[in-house]
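So the numbering used here is basically just the index in the sequence shown, starting at one, shifted up by 260.
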Amino acid sequence: MTTRNIIPLALLGSTALALVMPTTTHAAGFVADAKVTLGLRNYYFNRNFLNQTQSGQGQASGWTQSFILDARSGYTQGTVGFGLDVLGLYSV
261 MTTRNIIPLA LLGSTALALV MPTTTHAAGF VADAKVTLGL RNYYFNRNFL
311 NQTQSGQGQA SGWTQSFILD ARSGYTQGTV GFGLDVLGLY SV
């Protein structure tokens with residue numbers, strides 16, 4: 261097959277597949293499909309400056325704690341479904 265024959269066949273096949281696939285999903289609703297997750301992340305570093313020619317700080321260290329809140333709603337029923345996503349980030 262040449263490239264001229266493959267492109268129309270691929271387009272026809274993808275169109276047929278799109279027509280066979282369902283157009284709507286079975287969503288439970290805006291509140292029923294809602295999901296909320298809270299993630300906690302830590303980061304610690306300790307750095308030792310060896311072979312430093314100038315006088316200065318010999319080492320550095322630090323620690324941080326981060327909170328990641330991810331809230332996602334379901335979609336509204338109807339032809340066009342609307343949803344709401346909220347992402348909250350906080351670091352100490």
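We treat Cβ as the ideally placed atom computed from N, Cα and C, and that holds for glycine. These numbers come from a predicted model, not from an experiment.
query	result
List the residues that DSSP assigns as beta-bridge partners of F305.	G322
Using alpha carbons as the reference points, say which of A292, I267, T275 lies closest to L344.	A292
Do F290 and Y335 have their CB atoms nearer than 8 Å?	yes
Need the endpoints of the beta strand (DSSP E) that D345 sits in, please.	345-351
Report the rounded CA-to-CA distance for S351 versus K295, giving the unit in angstroms.	22 Å
Do you know whose CA, among I267, Q317, R301, S333, lies nearest F327's CA?	R301
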